[in-house]
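**Q** Heads up: the sequence shown at position 157 corresponds to 170 in the numbering used here, and the numbers run straight through without jumps.
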Amino acid sequence: MDIGHHRPNSGWIEVITGSMFSGKSEELIRRLRRAQIARRKVQIFKPGLDTRYSEDHITSHSEMRIPSVNLSSSRELLEQVLPETEVVGIDEGQFFDVELPAVCNTLADQGKRVIVAGLDQDYLGKPFEPMPQLLSIAEYITKTLAICMVCGAPANHTQRLVASSERVLVGAQGTYEARCRHCFDPRLGQ
Numbered sequence: 014m015d016i017g018h019h020r021p022n023s024g025w026i027e028v029i030t031g032s033m034f035s036g037k038s039e040e041l042i043r044r045l046r047r048a049q050i051a052r053r054k055v056q057i058f059k060p061g062l063d064t065r066y067s068e069d070h071i072t073s074h075s076e077m078r079i080p081s082v083n084l085s086s087s088r089e090l091l092e093q094v095l096p097e098t099e100v101v102g103i104d105e106g107q108f109f110d111v112e113l114p115a116v117c118n119t120l121a122d123q124g125k126r127v128i129v130a131g132l133d134q135d136y137l138g139k140p141f142e143p144m145p146q147l148l149s150i151a152e153y154i155t156k157t158l159a160i161c162m163v164c165g166a167p168a169n170h171t172q173r174l175v176a177s178s179e180r181v182l183v184g185a186q187g188t189y190e191a192r193c194r195h196c197f198d199p200r201l202g203q
């Protein structure tokens with residue numbers, strides 16, 4: 014069944030996932046813009062932690078931008094999403110708490126199309142909660158691949174280039190790069 018051919022008033026969850034620099038935010042923005050062009054009522058959110066480019070926009074590495082609202086928790090989504098909203102966009106899903114899948118389910122059950130973009134693995138190559146749980150309940154999953162910065166192959170990993178025991182180092186160029194399975198070395202970032 015193609016996206017968009019659902020029964021009226023039935024919602025669903027779409028997840029866009031992959032490594033850093035693989036075009037997740039870009040794909041999220043593309044889908045949200047198409048929904049806006051189709052005159053759907055759209056609301057867009059991101060975690061307060063993600064202020065790399067802008068406080069009030071989702072911005073891709075290629076400088077695509079769309080206005081968004083910062084949230085401090087998944088539960089806040091339920092308070093912020095208006096009854097008339099038809100499409101809910103969420104970026105950087107991996108920075109939300111473990112309640113995100115349940116909240117997305119609730120929104121989809123209300124008849125909303127919920128689109129979440131986020132990393133599926135951390136810098137050690139381990140599943141990045143709560144994305145795995147979201148993948149298991151989503152109707153549609155898009156896995157984006159980057160290009161390995163070492164060999165040019167399709168890349169599914171995020172290589173941390175600086176040593177740190179922090180799971181999250183919010184940064185872009187210089188701190189991380191995309192790597193394929195062969196060139197990925199989780200020991201580098203420890």
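Here a beta-carbon is modelled for each residue, glycine too, at the ideal position from N, C-alpha and C.
Rounded to a whole number of angstroms, what is the C-alpha to C-alpha distance between residue 101 and residue 128?
**A** 6 angstroms
**Q** When the distance is taken between beta carbons, is residue 138 closer than 7 angstroms to residue 105?
**A** no
**Q** Helix, strand or coil: how does DSSP classify residue 146 here?
**A** Looking at residue 146 - three-state DSSP - the assignment turns out to be helix.
**Q** Which residue marks the beginning of the beta strand (DSSP E) containing residue 59, and which one marks its end?
**A** 55-60
**Q** To the nearest angstrom, how far is the alpha carbon of residue 81 from that of residue 43?
**A** 14 angstroms
**Q** When burial is assigned at 16 or more other CB atoms within 10 Å of the CB, is residue 161 buried or exposed?
**A** buried
**Q** Given a cut-off of 7 angstroms, decide if residue 147 and residue 55 are closer than it, judged by their beta-carbon atoms.
**A** no
**Q** Count Cβ pairs between the segment 188-199 and the segment 162-171 that sit closer than 8 angstroms; are there 3 or more?
**A** yes
**Q** Return the Cβ separation of residue 61 and residue 91 in integer angstroms, given the expectation that the two are a contact with Cβ distance under 8 angstroms.
**A** About 16 angstroms separates the two Cβ atoms, so there is no contact after all.
**Q** Could you pull the DSSP bridge partners for residue 172 from this structure?
**A** As DSSP reads the structure, residue 172 sits in a beta bridge with 190.
**Q** Specify the secondary structure class of residue 99 as computed by DSSP and reduced to three states.
**A** coil
**Q** What number of angstroms, rounded off, separates the C-alpha of residue 190 from the C-alpha of residue 41?
**A** Near 21 angstroms, if we compare the C-alpha coordinates of residue 41 and residue 190.
**Q** Hey, residue 168 and residue 25: beta-carbon distance below 7 angstroms or not?
**A** no
**Q** Go through its chain and collect everything with a Cβ distance to residue 140's Cβ below 7 angstroms, but skip five positions before and after it.
**A** 133, 134
**Q** Using a threshold of 7 angstroms, state whether the C-beta atoms of residue 143 and residue 181 are closer than that.
**A** The Cβ atoms of residue 143 and residue 181 do not sit closer than 7 angstroms to each other.
**Q** Do residue 150 and residue 114 have their C-beta atoms closer together than 7 angstroms?
**A** yes
**Q** Which one of 88, 173, 117, 136 has the shortest CA to CA distance from residue 152?
**A** 117
**Q** Please classify residue 107 as buried or exposed, where buried requires at least 16 other C-beta atoms within 10 Å of its C-beta.
**A** buried
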